[in-house]
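Chains as they are written, first to last, in this note's numbering: chain A, 261 to 529; chain B, 80 to 347.
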Amino acid sequence: MRGYFQGRKNLYLTIGGGLLITLLLVFIITPIIGLLFRTTPEQFLASLSDPVVWNALVLSLITASLSTLIIIGVGTPVAWINARHRYPGRELVDTLIDLPLVLPPTVAGLALLMAFGRMGLIGGFFYEFGISIAFTTLAVVIAQIFVSLPFYIRQARASFEQLDTTYELAARSLGSTSLPTFFTVILPLVKSGLIAGAIMSFARALGEFGATIMFAGNFQGRTQTMPLAIYTTMQGDLNASITLSVILVLISFVVIALVKYRLRGDVRC
Amino acid sequence: MKFSHFTLIIIVLIATILFAGCAGEQAKPEQTDLTVFAAASLTGALTDIAMEYETMHPDVRIITNFDGSQALRTQIEQGADADVFLSANTKQLYALRDQGLMENATIGLFAKNKLAVIVPASNPAGITTPQDLAQPGTRLVIGTKDVPVGDYARQILKKMGNDTAYGSTYTTSVLNNVMSEETTVTGVVAKVQLGEADAGIVYETDITPDNRDKFTMIAIPDKYNVIAEYPAGVVKTTGNKEEAIRFIAYLKSEQGKAILAKYGFALP
Numbered sequence: 261m262r263g264y265f266q267g268r269k270n271l272y273l274t275i276g277g278g279l280l281i282t283l284l285l286v287f288i289i290t291p292i293i294g295l296l297f298r299t300t301p302e303q304f305l306a307s308l309s310d311p312v313v314w315n316a317l318v319l320s321l322i323t324a325s326l327s328t329l330i331i332i333g334v335g336t337p338v339a340w341i342n343a344r345h346r347y348p349g350r351e352l353v354d355t356l357i358d359l360p361l362v363l364p365p366t367v368a369g370l371a372l373l374m375a376f377g378r379m380g381l382i383g384g385f386f387y388e389f390g391i392s393i394a395f396t397t398l399a400v401v402i403a404q405i406f407v408s409l410p411f412y413i414r415q416a417r418a419s420f421e422q423l424d425t426t427y428e429l430a431a432r433s434l435g436s437t438s439l440p441t442f443f444t445v446i447l448p449l450v451k452s453g454l455i456a457g458a459i460m461s462f463a464r465a466l467g468e469f470g471a472t473i474m475f476a477g478n479f480q481g482r483t484q485t486m487p488l489a490i491y492t493t494m495q496g497d498l499n500a501s502i503t504l505s506v507i508l509v510l511i512s513f514v515v516i517a518l519v520k521y522r523l524r525g526d527v528r529c
Numbered sequence: 080m081k082f083s084h085f086t087l088i089i090i091v092l093i094a095t096i097l098f099a100g101c102a103g104e105q106a107k108p109e110q111t112d113l114t115v116f117a118a119a120s121l122t123g124a125l126t127d128i129a130m131e132y133e134t135m136h137p138d139v140r141i142i143t144n145f146d147g148s149q150a151l152r153t154q155i156e157q158g159a160d161a162d163v164f165l166s167a168n169t170k171q172l173y174a175l176r177d178q179g180l181m182e183n184a185t186i187g188l189f190a191k192n193k194l195a196v197i198v199p200a201s202n203p204a205g206i207t208t209p210q211d212l213a214q215p216g217t218r219l220v221i222g223t224k225d226v227p228v229g230d231y232a233r234q235i236l237k238k239m240g241n242d243t244a245y246g247s248t249y250t251t252s253v254l255n256n257v258m259s260e261e262t263t264v265t266g267v268v269a270k271v272q273l274g275e276a277d278a279g280i281v282y283e284t285d286i287t288p289d290n291r292d293k294f295t296m297i298a299i300p301d302k303y304n305v306i307a308e309y310p311a312g313v314v315k316t317t318g319n320k321e322e323a324i325r326f327i328a329y330l331k332s333e334q335g336k337a338i339l340a341k342y343g344f345a346l347p
């Protein structure tokens with residue numbers, strides 16, 4: 261701390277830096293406070309029992325949890341393979357996995373509709389057997405997986421790469437085969453990183469809007485997740501809209517806190 | 080590699096010059112910008128009307144914002160910079176009037192519309208009458224309860240359900256078939272046009288010469304149909320009240336009426 265105040269130049273830099281940080285904080289915090297100021301605890305609690313709010317909350321928590329579980333199941337082996345093994349086309353795979361990160365969600369939504377809609381490439385095939393994918397709760401989950409997959413895989417791959425190979429080699433030299441080594445030695449060491457990645461994926465899935473409204477449609481209790489309900493009720497029942505927003509703000513805070521806490525506990529090798 | 084960088088720089092430079100040229104042309108000194116918030120169902124007609132109006136008044140530029148009337152109402156309530164509001168029902172515009180956000184003397188109807196059922200030209204569910212909408216498994220798209228087209232659709236379904244010809248279970252059966260509720264009528268039209276929905280309830284004016292071959296329209300009998308009334312009004316916070324009044328007068332003039340009629344609107 262003492263170092264900051266050595267000399268006049270540094271003092272100016274400190275004041276300038278402090279000012280900049282203050283401005284930035286005000287910029288981020290003011291809208292959140294604005295949201296909280298528009299509602300009272302009574303209104304908040306009253307809106308909570310509103311079916312629109314309730315249905316959206318339940319649907320969002322179920323679909324986001326489901327998509328996160330699927331992402332963990334599929335993403336963990338993929339991240340491990342890409343972190344530890346070289347194969348032709350690995351860079352291409354990595355790039356494609358990152359694509360949804362930069363793809364605008366509306367483009368993702370339209371693309372998913374062109375693939376899984378009943379006139380779509382894959383959806384058309386299923387529709388012949390009477391199975392519809394678009395505009396169902398399944399479509400909500402598909403949209404969420406599509407947009408939030410990279411968040412988990414990136415974090416998981418980074419965690420695996422940071423892990424020193426000596427742990428695996430030691431386990432192998434003691435006679436452990438590859439699968440048990442993975443579950444009993446490697447996974448516990450990178451657990452924190454994986455959980456942090458999963459939480460980020462969950463948060464992204466929970467906030468998914470553009471792809472969902474285009475690919476899954478907007479139907480209360482079936483495809484109307486919290487962001488869609490916020491958009492819809494803003495045009496009629498502002499209280500419900502604000503209540504849902506406040507819930508999402510609270511969840512976001514918890515998510516950030518959990519990720520920070522989790523990553524701090526990770527093993528440094 | 081070097082060549083591609085060079086090409087990129089050239090393209091950027093050309094684009095910059097072109098855009099600078101555009102901006103220079105548009106920045107005439109005494110131009111008035113008139114912002115018109117209009118119901119999504121007016122998209123075709125109003126785009127034409129704005130073009131005609133700009134030709135007649137070269138000093139005016141019309142900026143349009145199309146969305147569901149309920150969304151536009153919320154935007155105006157939250158302080159959006161609108162000069163004129165054209166709503167697809169009286170409910171949304173009168174709500175603003177009752178909050179003192181409209182110039183009351185300027186409010187008046189300028190168009191009327193009716194609703195219809197549309198199905199994709201391929202008609203996958205084989206729908207030919209409004210009764211067919213109640214068939215289990217029909218994929219129907221309507222508006223939310225707040226967007227005028229969704230509000231009207233619910234009124235119509237209710238009227239039908241009260242009639243013995245349709246039966247009391249009709250309304251619930253049809254509403255159970257709804258797979259998505261859109262916030263604009265254009266959203267409903269798009270879902271049907273993509274072939275993802277079997278049917279949608281929209282305005283008659285949503286079938287235009289441009290998209291006629293993509294849909295089949297099934298008329299809703301007049302005794303169940305509702306007349307959608309479109310009011311216009313000047314927003315209180317406008318900075319161009321005179322120009323806004325002049326624009327609304329144009330909507331109601333013979334030229335304005337002719338364009339609205341061309342798009343299938345009835346006149347009040």
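Ideal Cβ positions, reconstructed from N, Cα and C, are used throughout, including at glycine.
The structure presented is a predicted model; accordingly, all values stated were derived computationally and were not measured.
Query, Result
"Sequence-distant residues of its chain with Cβ nearer than 8 angstroms to Glu333 of chain B (five each side left out)", "none"
"N-terminal and C-terminal residue of the alpha helix (DSSP H) that Arg407 of chain A is part of", "For clarity, residue 407 of chain A is Val in the given sequence; the question names Arg instead. Residues 397-422."
"Interface partners of Phe395 of chain A on chain B, CB under 9 angstroms", "Arg218, Val220, Met258, Ser259, Lys270, Glu275, Ala276"
"Proximal chain B residues relative to Leu449 of chain A, where beta-carbon distance stays under 8 angstroms", "Within 8 angstroms Cβ-Cβ: nothing; Leu449 of chain A doesn't reach chain B, min ~42 angstroms."
"Residues that DSSP places opposite Lys302 of chain B in a beta bridge", "In DSSP, Lys302 of chain B forms no bridge with anything."
"Beta strand (DSSP E) runs wholly inside the region 120-157 of chain B, at least 3 long, in chain order", "139-146"
"Reduced DSSP category for Glu182 of chain B - H, G, I as helix; E, B as strand; rest coil", "coil"
"Cβ contact check for the region 407-414 of chain A and the region 325-339 of chain A: 3 or more pairs under 8 angstroms", "yes"
"Selected residue, minimal CA-CA separation from Thr323 of chain A, among A:Thr397, A:Val514, A:Tyr491", "A:Thr397"
"Chain A contact for Gln334 of chain B (CB, 9 angstroms cutoff)", "no"
"Complete beta strand (DSSP E) runs within the region 202-275 of chain B (minimum length 3 residues, chain order)", "219-222, 257-261"
"Contact check, Asn30 of chain B vs Ala307 of chain B, beta carbons under 9 angstroms", "Shown here, chain B extends from 80 to 347; a query on residue 30 of chain B therefore has no answer."
"Alpha-carbon to alpha-carbon, Arg140 of chain B and Glu104 of chain B", "The pLDDT assigned to Glu104 of chain B is 48, lower than 50, so where the model puts this residue is not dependable, and the model offers no usable value."
"First through last residue of the alpha helix (DSSP H) which encompasses Pro360 of chain A", "350-362"
"Chain D contacts from the region 132-162 of chain B (Cβ-Cβ distance under 7 angstroms)", "Looking for chain D here will not work: the only protein chains present are A and B."
"As assigned by DSSP and simplified to three states, the class of Asp112 of chain B", "strand"
"Identity of the residues DSSP links to Phe164 of chain B by a beta bridge", "B:Phe116, B:Gly312"
"Under 9 angstroms between C-beta atoms of Ala416 of chain A and Val519 of chain A", "no"
"Minimum Cβ-Cβ distance from Gly477 of chain A to chain B less than 9 angstroms", "yes"
"Test item: CB-CB of Glu283 of chain B and Ala340 of chain B under 9 angstroms", "no"
"Bridge partner(s) assigned by DSSP for Ser191 of chain B", "Checking the sequence, you will find Lys at residue 191 of chain B rather than Ser. B:Glu308, B:Ala345, per the DSSP bridge assignment."
"Three-state secondary structure assigned by DSSP to Tyr427 of chain A", "helix"
"Within 9 angstroms, strictly: CB atoms of Thr248 of chain B and Ala278 of chain B", "no"
"Alpha-carbon to alpha-carbon, Gly158 of chain B and Thr185 of chain B", "19 angstroms"
"Buried or exposed (CB count within 10 angstroms, at least 16 for buried), Gly294 of chain A", "exposed"
"Beta carbon proximity, Thr492 of chain A to chain B, threshold 9 angstroms", "yes"
"9 angstroms Cβ cutoff met for Arg378 of chain A and Ile393 of chain A", "yes"
"Residues, ordered as in the chain, of the region 359-383 of chain A that lie near chain B by beta-carbon distance below 8 angstroms", "Leu373, Gly377, Arg378, Met379"
"Given 8 angstroms, three or more beta-carbon pairs between the region 215-223 of chain B and the region 257-265 of chain B", "yes"
"Contact set between Gln495 of chain A and chain B, taken where Cβ atoms lie within less than 7 angstroms", "Gly147, Gln149, Ala150, Thr153, Asp225, Thr262"
"DSSP state of Thr295 of chain B mapped onto helix, strand, coil", "strand"
"Cα-Cα separation between Val253 of chain B and Thr207 of chain B, rounded to whole angstroms", "15 angstroms"
"Inter-residue CB distance, Ile281 of chain A and Ile357 of chain A (contact presumed, cutoff 8 angstroms)", "About 34 angstroms separates the two Cβ atoms, so there is no contact after all."
"Ala106 of chain B, buried or exposed, once every other Cβ within 10 Å from all chains shown has been counted against 16", "Model confidence at Ala106 of chain B stands at a pLDDT of 48, short of 50, so the residue's coordinates are unreliable; what they give is reported in the following sentence. Exposed, by the Cβ-count rule."
"Residue-level contact to chain B via CB, Leu504 of chain A, 9 angstroms cutoff", "no"
"Closest residue to Glu156 of chain B among A:Gln495, A:Phe443, A:Met460, A:Gln480 (Cα-Cα distance)", "A:Gln495"
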